[in-house]
Amino acid sequence: MATPQIYWLKESTVVQEYSVVGIIDGSGSMVEAWNDLCKAWNYFITGFKSVYCIQFDDSAILQESPQLTSQKGEGTSIELGFRELMKLIKSGNLLQNILIIFVTDGIGEKDGINQYFQELNKEFEQLHSQGYQFKFHTLAFGEDFSHTVAAELKMIIHNAGILSSQIDLISNTKVDFTKVLQDIKDEVFYQMIRVDPQCQLTTFTNPVHRVTPNQVVYTTSSSIRVGGKQINLDKEGVSLEALDRFIRQIMSKLMEYNSVGKNVKQEAIQALQVIEKLKSRVVVKEDDEEVQKFIDQNIQKIEEFASGNLNLKEFEPVKAAQFMHDVQDLIIRDKKKMQRIKRKSAVHAQLTMHPQQPKQQVKDYYKELALKRLEQYEKQLSNQELFEDLKEFAKQNKVKTLDQIVYLTKTHDFQLKNIKEFIQNDEDTAIDMIDLFLISLD
231 MATPQIYWLK ESTVVQEYSV VGIIDGSGSM VEAWNDLCKA WNYFITGFKS
281 VYCIQFDDSA ILQESPQLTS QKGEGTSIEL GFRELMKLIK SGNLLQNILI
331 IFVTDGIGEK DGINQYFQEL NKEFEQLHSQ GYQFKFHTLA FGEDFSHTVA
381 AELKMIIHNA GILSSQIDLI SNTKVDFTKV LQDIKDEVFY QMIRVDPQCQ
431 LTTFTNPVHR VTPNQVVYTT SSSIRVGGKQ INLDKEGVSL EALDRFIRQI
481 MSKLMEYNSV GKNVKQEAIQ ALQVIEKLKS RVVVKEDDEE VQKFIDQNIQ
531 KIEEFASGNL NLKEFEPVKA AQFMHDVQDL IIRDKKKMQR IKRKSAVHAQ
581 LTMHPQQPKQ QVKDYYKELA LKRLEQYEKQ LSNQELFEDL KEFAKQNKVK
631 TLDQIVYLTK THDFQLKNIK EFIQNDEDTA IDMIDLFLIS LD
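Okay, structure coming up:
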């Protein structure tokens, strides 16, 4: 085997503006989730300049307003929703970078969408060649959706090389719609970069010239040109962070392919062989323990695919979505979680801690930082009362992510007056303080 090389395209020009399109299932069976979906969606789209909403039941309509209010309430015809999407794209009203969010509780296997795949694939191939960049997310509610159809749609629409979730299962409508949409909102679009010669984004996908930044490319060449700049890969070496990202790209594609019924045993075996060669060239540092843990977890998942015994297409939808959720937690880690890991590592390095009580000292340190942030707040609050509210809130709602807490205190009628007032008056300070305080609860 030729020497495998990987290179992390960190050069990133962020695209500030993009269009958001919701393809929302308004069929009668969505009634249970409708109010929570409306609240989460209407909060999510605030701040976007180019937002559209297509609602479908047994017909589909591009709403005059992107806000979700009334529900159509009849049957389910997903094909019509995506045909309406194509009409919208071809109208020329959208920007080149488009975020598509598909929400449904039942992707019917007989509603015509499968027969539409070939036509849809040709249309999106053409759009990709014209420079359009798409991100596609499915939010599935209930137990009657088809994870295989969701995977097909992502493979057709989503540009190759952009890492994102395949499908998100909505169990708790009050919390999950919020969390998933906020995670999506944190993502960004980048300008594509040309790579010569063509490189792959996994060990088994087709080579490409145009690549999304913040991805890792794979090649057996010792030198590549990235955006006009020549890179000597032998001199660059292999970093643990680049290997981690590359493994996550592999996992993402294995999961997509397997979801539509493809046997990925050989692809997984080939990937593991390359990963072993790359691992042998990595110099691991002391503070790489967390990243190494993520790598080991993902390799275990790839080994499951390599066994040939895993077929996600045969899984029940909910079981498949739960498996994907666990994998996606490894593939697409929350940015704030990684920031917190890095911040915690830095604090560990700075503090001289007694061997018997390091964890408590770290917690106390973060609580002290949180209190300092709180001092920036103009009004007089009882610090202890505020923190007790936060503890109780996290416990009762089973949430510990910052986005969930901020959203829920804004939009839901919980008895958390101190936190609500804090966030409404000084959101930046509140977010930083709450983030630090959550670490002290870990």
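Numbering (this note's numbering), first residue to last: 231 to 672.
Note that CB positions come from ideal geometry on N, CA and C, so glycine has one too.
With 16 other Cβ atoms within 10 Å as the buried cut-off, status of Ile254: On the sequence shown, residue 254 is found 24 positions in, with the first residue counted as 1. Classification for Ile254: buried.
Length at least 3, wholly inside the segment 433-471: the beta strand (DSSP E) runs in chain order: Correct list: 438-441, 446-449, 453-456 and 459-462.
Pair within 7 angstroms by beta-carbon distance, Lys531 and Val548: The residue you call residue 531 lines up with position 301 of the sequence shown. The residue you call residue 548 lines up with position 318 of the sequence shown. No. Outside cutoff.
Assigned secondary structure, Leu484 (DSSP; H/G/I helix, E/B strand, else coil): The count along the sequence shown starts at 1 and reaches residue 484 at position 254. Residue state, collapsed to three classes: helix.
Straight-line gap, Ile461 to Phe545 (C-alpha atoms, nearest Å): Reading the sequence shown from its first residue, position 231 is the one you call residue 461. Reading the sequence shown from its first residue, position 315 is the one you call residue 545. Approximately 44 angstroms, taken between the alpha carbons.
Under the three-state DSSP convention, the category Asp374 falls into: For this step, residue 374 is matched to residue 144 along the sequence shown. Looking at Asp374 - three-state DSSP - the assignment turns out to be coil, as it is neither helix nor strand.
Candidates Leu239, Leu399 and Ile529: closest to Ile477 by CA position: Walking along the sequence shown from the start, residue 477 turns up at place 247. Measuring from the Cα of Ile477, the nearest candidate turns out to be Ile529.
Test item: CB-CB of Val410 and Leu383 under 7 angstroms: Taking the first residue of the sequence shown as position 1, residue 410 is located at position 180. Taking the first residue of the sequence shown as position 1, residue 383 is located at position 153. No; because the gap between Cβ atoms is not below 7 angstroms, this pair is not in contact.
Reduced DSSP category for Asp287 - H, G, I as helix; E, B as strand; rest coil: Position 57 of the sequence shown, counted from the start, is the residue given in the question as residue 287. Three-state DSSP puts Asp287 in coil, outside helix and strand.
Unbroken stretches of the beta strand (DSSP E), 3 residues or longer, contained in the segment 351-432: Entirely contained in the segment 351-432, the beta strand (DSSP E) runs reaching 3 residues are, in chain order, 363-371, 398-400 and 423-429.
For Phe332, the three-state DSSP class (helix, strand or coil): The count along the sequence shown starts at 1 and reaches residue 332 at position 102. Of the three classes helix, strand and coil, the one that applies to Phe332 here is strand, per DSSP.
As assigned by DSSP and simplified to three states, the class of Leu325: Taking the sequence shown and counting its residues from 1, the one referred to as residue 325 is at position 95. Secondary structure at Leu325: coil, using DSSP grouped into helix, strand and coil.
Contacting residues, own chain, Cβ-Cβ under 8 angstroms from Tyr420 (five flanking each side not counted): On the sequence shown, residue 420 is found 190 positions in, with the first residue counted as 1. Contacts found: Ser242, Thr243, Val244, Val245, Thr442, Pro443 and Asn444.
Span separating the alpha-carbon of Trp271 from that of Ile284: Position 41 of the sequence shown holds residue 271. Position 54 of the sequence shown holds residue 284. Whole-angstrom Cα-Cα distance: 13 angstroms.
Exposure of Gln676, with buried meaning 16 or more beta-carbon neighbours within 10 Å: No information on residue 676 is available, as it lies outside the stretch 231 to 672 that the chain covers here.
Endpoints, the beta strand (DSSP E) within which Asp518 is located: Residue numbering aside, residue 518 sits at position 288 when the sequence shown is read from its first letter. Premise fails: Asp518 is in no beta strand (DSSP E) and is neither H nor E.
Other residues of its chain near Val468: CB distance less than 7 angstroms, five sequence neighbours each side excluded: The sequence position of residue 468 within the sequence shown is 238, counting from 1. Closer than 7 angstroms at Cβ, skipping near neighbours: Ile236, Leu508, Arg511 and Val512.
The segment 319-335 touching the segment 255-274, judged by at least three CB pairs closer than 8 angstroms: yes
Asp266 burial status per 10 Å Cβ neighbour count (16 or more: buried): Mapped onto the sequence shown, residue 266 falls at position 36. That one is buried.
Burial state of Arg475, where buried means 16 or more other Cβ atoms lie within 10 Å: One-based indexing of the sequence shown puts residue 475 at position 245. With at least 16 other beta carbons inside 10 angstroms of its own, Arg475 counts as buried.
Where Val494 falls: helix, strand or coil (DSSP): Here residue 494 is taken as the residue at index 264 of the sequence shown, counted from 1. Val494 falls in the coil class under three-state DSSP.
Burial state of Leu239 (16 or more Cβ within 10 Å): On the sequence shown, residue 239 is found 9 positions in, with the first residue counted as 1. Burial call: buried.
Cβ-based burial, Asp526 [other Cβ within 10 Å; buried from 16]: The sequence position of residue 526 within the sequence shown is 296, counting from 1. Under this definition Asp526 is an exposed residue.
Classification of Ser482 by the beta-carbon crowding that lies within 10 angstroms, buried from 16 upward: One-based indexing of the sequence shown puts residue 482 at position 252. Buried, by the Cβ-count rule.
Integer-rounded CB distance, given that Ala381 should sit under 8 angstroms from Gln396: Here residue 396 is taken as the residue at index 166 of the sequence shown, counted from 1. Here residue 381 is taken as the residue at index 151 of the sequence shown, counted from 1. The Cβ separation is near 6 angstroms, so the contact holds.
For Phe274 and Ser289, the rounded distance between their alpha carbons: Locating residue 289 in the sequence shown gives position 59, counting from the first residue. Locating residue 274 in the sequence shown gives position 44, counting from the first residue. Approximately 25 angstroms, taken between the alpha carbons.
One or two residues paired with Tyr237 in a DSSP bridge: Numbered from its first residue, the sequence shown carries residue 237 at position 7. Answer by DSSP bridge pairing, in chain order: Val447.
For Met422 and Glu353, the rounded distance between their alpha carbons: Walking along the sequence shown from the start, residue 353 turns up at place 123. Walking along the sequence shown from the start, residue 422 turns up at place 192. Approximately 20 angstroms, taken between the alpha carbons.
Where the alpha helix (DSSP H) through Ile319 begins and ends: Here the question's residue 319 lines up with position 89 in the sequence shown. Taken as a continuous stretch (DSSP letters only), the alpha helix (DSSP H) holding Ile319 covers Ile308 to Lys320.
Buried versus exposed call for Ser321 [16 or more other C-beta atoms within 10 Å across all chains shown]: Numbered from 1 along the sequence shown, position 91 holds the residue referred to as residue 321. The residue is exposed, with fewer than 16 neighbouring Cβ atoms inside 10 Å.
Neighbour-count burial assignment, Gly311, 16 or more Cβ in a 10 Å radius: Here residue 311 corresponds to residue number 81 of the sequence shown, with the count starting at 1. Counting Cβ neighbours within 10 Å, Gly311 comes out buried, since at least 16 surround it.
For Asp255, the residue or residues it bridges with in DSSP: Locating residue 255 in the sequence shown gives position 25, counting from the first residue. Answer is Phe286.
DSSP state of Ser537 mapped onto helix, strand, coil: As a working mapping, residue 537 is identified with position 307 in the sequence shown. In this structure, Ser537 counts as coil in the three-state DSSP scheme.
Reference Ser401, options Cys429, Gln522 and Phe371, closest by Cα: Taking the first residue of the sequence shown as 1, we reach residue 401 at position 171. Of the listed residues, the one whose Cα sits closest to Ser401 is Phe371.
Of the listed residues Leu329, Leu325 and Phe278, nearest to Gly252 (C-alpha basis): For the purposes of this step, residue 252 is taken as the residue at position 22 of the sequence shown. The shortest Cα separation from Gly252 among Leu329, Leu325 and Phe278 belongs to Leu329.
For His367, the nearest candidate out of Glu355, Glu373 and Phe407 (CA to CA): Here residue 367 refers to the residue found at position 137 when the sequence shown is read from its first residue. When each option's Cα is compared against that of His367, the closest is Phe407.
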